Amino acid sequence: MNTARTRFLNPQLSQLLVLSLLMILLYYPTFHMFLYDWSHDDNYSHGFLVPFISGYLVWTKRKKLARLSPQLCWSGLPVLLTGLAMYVVGTIGVEWFLRRFSLVIVIAGLVLYLYGKAFFRELLFPIVFLAFMVPVPAIIYKGIAFQLQLFVSIISAKLIPLAGVALYREGNILYVSTGPLAVEEACSGMRSIMALLALSSLFAYLMYESRLKQWILTIFALPIAVITNIIRVTVTGIMAHYWGKEFAEGILHESFGWMVFVIAFILLYLLSRALDLLIPSTPTKHTKTSP
64 MNTARTRFLN PQLSQLLVLS LLMILLYYPT FHMFLYDWSH DDNYSHGFLV
114 PFISGYLVWT KRKKLARLSP QLCWSGLPVL LTGLAMYVVG TIGVEWFLRR
164 FSLVIVIAGL VLYLYGKAFF RELLFPIVFL AFMVPVPAII YKGIAFQLQL
214 FVSIISAKLI PLAGVALYRE GNILYVSTGP LAVEEACSGM RSIMALLALS
264 SLFAYLMYES RLKQWILTIF ALPIAVITNI IRVTVTGIMA HYWGKEFAEG
314 ILHESFGWMV FVIAFILLYL LSRALDLLIP STPTKHTKTS P
């Protein structure tokens with residue numbers, strides 16, 4: 064075992080193992096809540112994949128991390144204590160988001176405290192990526208989803224008549240010849256936004272070194288998710304008029320859920336190609352070395 068690898072393993076590894084065990088015991092109820100939400104809420108079903116993706120990103124950096132010299136960094140202690148304080152406040156106040164999100168802060172604090180700033184910089188994205196497994200507070204989620212429902216309804220109500228379909232809108236209800244079509248919360252784009260933000264940020268991180276390109280690709284996941292859901296509602300409204308409401312809200316509606324995600328991914332890919340043309344890029348560190 065070389066000297067660099069020995070420095071990586073001791074004494075930080077033993078400290079990390081002990082603290083990780085304590086963290087698992089402390090967060091065991093929180094882990095159970097994560098599993099429940101991921102299993103019962105389709106908006107966060109992607110949460111199952113997030114820890115594994117984050118772990119894989121860390122694994123791909125193992126050789127580079129082994130060459131670094133770990134050292135205690137006292138700057139990590141305030142971060143760690145902040146995370147623990149969030150956990151305590153979230154537990155006492157029964158604020159589940161605060162309690163869950165504190166896990167990400169605690170992990171960040173542990174890495175910074177035990178291994179130092181060089182390690183922390185290398186592992187920053189895998190740590191931040193864990194935030195995508197944390198469900199957004201319901202009051203915030205539903206508030207945004209409601210506004211998106213209205214927006215998608217309004218735009219779709221302007222597009223559907225272009226196909227020769229008579230339509231009347233009342234709130235998030237679209238009335239076509241075969242009956243009313245409700246633009247439900249699932250059609251607002253929020254579900255797509257949650258998944259696409261995670262996907263686009265990962266895609267941007269793996270594809271580009273440029274922070275500008277990474278931010279552009281990640282941020283554009285928001286309008287892309289909304290646009291694809293507008294397409295979904297518009298096509299559903301047109302099909303309901305010509306093929307019947309049962310067909311539009313049945314097989315077509317279910318299959319369109321996957322089609323929307325495919326369309327969104329294609330748009331993300333086209334955006335990445337446009338960025339390559341507009342902003343010269345260099346190969347990323349992820350393509351230079353193998354895991």
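Whatever position you read off the sequence shown (first residue = 1), add 63 for my numbering. Don't be surprised by glycine CBs; every beta carbon is placed ideally from N, CA and C. Computed from a predicted model, the values in this text were never measured in an experiment.
Range of the contiguous alpha helix (DSSP H) that encloses residue i
{"i": "Gly206", "result": "201-222"}
{"i": "Ala194", "result": "No alpha helix (DSSP H) contains Ala194, which DSSP labels as neither H nor E."}
{"i": "Val169", "result": "159-178"}
{"i": "Leu262", "result": "253-270"}
{"i": "Leu285", "result": "284-306"}
Contact test: residue i Cβ vs the ligand ZN heavy atom, cutoff 7 Å
{"i": "Leu79", "result": "Questions concerning the ligand ZN fall outside what the structure shown contains, since it holds no ligand whatsoever."}
Environment of residue i [buried if 16+ CB atoms lie within 10 Å]
{"i": "Thr350", "result": "Low per-residue confidence applies at Thr350: pLDDT is 44, beneath 50, and the placement is therefore not dependable enough to give any value."}
{"i": "Leu186", "result": "buried"}
{"i": "Phe164", "result": "buried"}
{"i": "Thr193", "result": "The question names Thr, but residue 193 is Leu in the sequence shown. That one is buried."}
{"i": "Ala261", "result": "buried"}
{"i": "His304", "result": "buried"}
{"i": "Trp306", "result": "exposed"}
{"i": "Gln30", "result": "There is simply no residue 30 to check, as the chain begins at 64 and stops at 354 in what is shown."}
{"i": "Ala245", "result": "exposed"}
{"i": "Trp321", "result": "exposed"}
{"i": "Ile168", "result": "buried"}
{"i": "Ile342", "result": "exposed"}
{"i": "Gly118", "result": "exposed"}
{"i": "Phe195", "result": "buried"}
{"i": "Ser132", "result": "exposed"}
Residue i - containing beta strand (DSSP E), residue span
{"i": "Leu225", "result": "Note, Leu225: premise wrong, no beta strand (DSSP E); not H, not E."}
{"i": "Gly242", "result": "242-245"}
{"i": "Leu237", "result": "236-239"}
Among the options, nearest to residue i - alpha-carbon criterion
{"i": "Ala327", "options": "Gly179, Ile207, Ile287, Phe94", "result": "Ile287"}
{"i": "Leu135", "options": "Ala129, Asp100, Tyr176, Arg336", "result": "Tyr176"}
{"i": "Gly234", "options": "Ala220, His103, Gly242", "result": "Ala220"}
{"i": "Ile190", "options": "Pro114, Tyr231, Ser255", "result": "Pro114"}
{"i": "Ala229", "options": "Ile290, Phe324, Gly300", "result": "Gly300"}
{"i": "Phe324", "options": "Val121, Asn292, Val296", "result": "Asn292"}
{"i": "Ile360", "options": "Ser273, Ile282, Asp100", "result": "A query on residue 360 cannot be resolved here, the shown segment of the chain reaching from 64 to 354 and no further."}
{"i": "Leu338", "options": "Tyr178, Met270, Phe319", "result": "Met270"}
{"i": "Gly242", "options": "Met302, Val215, Arg184", "result": "Met302"}
{"i": "Arg295", "options": "Glu247, Met196, Tyr119, Phe182", "result": "Glu247"}
{"i": "Arg130", "options": "Gln78, Phe97, His103, Ala181", "result": "Ala181"}
Check: Curious, which full-length alpha helix (DSSP H) runs of at least 4 residues does the region 71-155 contain?
Finding: 75-103, 113-123, 125-130, 139-155
Checklist line | the region 170-179 contacting the region 139-151, beta-carbon criterion three pairs below 8 Å | finding: At 8 Å Cβ cutoff, the stretches touch.
Notebook entry, point to check: Would you call the region 118-125 and the region 194-208 touching, i.e. three or more CB-CB distances under 8 Å?
Noted result: Judged by Cβ distances under 8 Å, the region 118-125 makes no contact with the region 194-208, as fewer than three pairs qualify.
Next item on the list: Taking 8 Å as the threshold, find out whether the region 144-156 comes into contact with the region 95-113 through three or more Cβ pairs.
Entry: no
Note to self: Whether or not the region 201-218 and the region 276-283 are in contact is what I'm after, with contact meaning three or more pairs of Cβ atoms, one per stretch, closer than 8 Å; do they touch?
What the structure shows: In this structure the region 276-283 does not touch the region 201-218; the number of beta carbon pairs closer than 8 Å is below three.
Next item on the list: State whether the region 263-273 contacts the region 327-338, with contact taken as three or more CB pairs (one from each stretch) at a distance under 8 Å.
Entry: With a cut-off of 8 Å, the region 327-338 and the region 263-273 count as touching, because enough Cβ pairs lie within range.
Notebook entry, point to check: Does the region 223-232 come close enough to the region 150-163 that 3 or more CB-CB pairs lie under 8 Å?
Noted result: no
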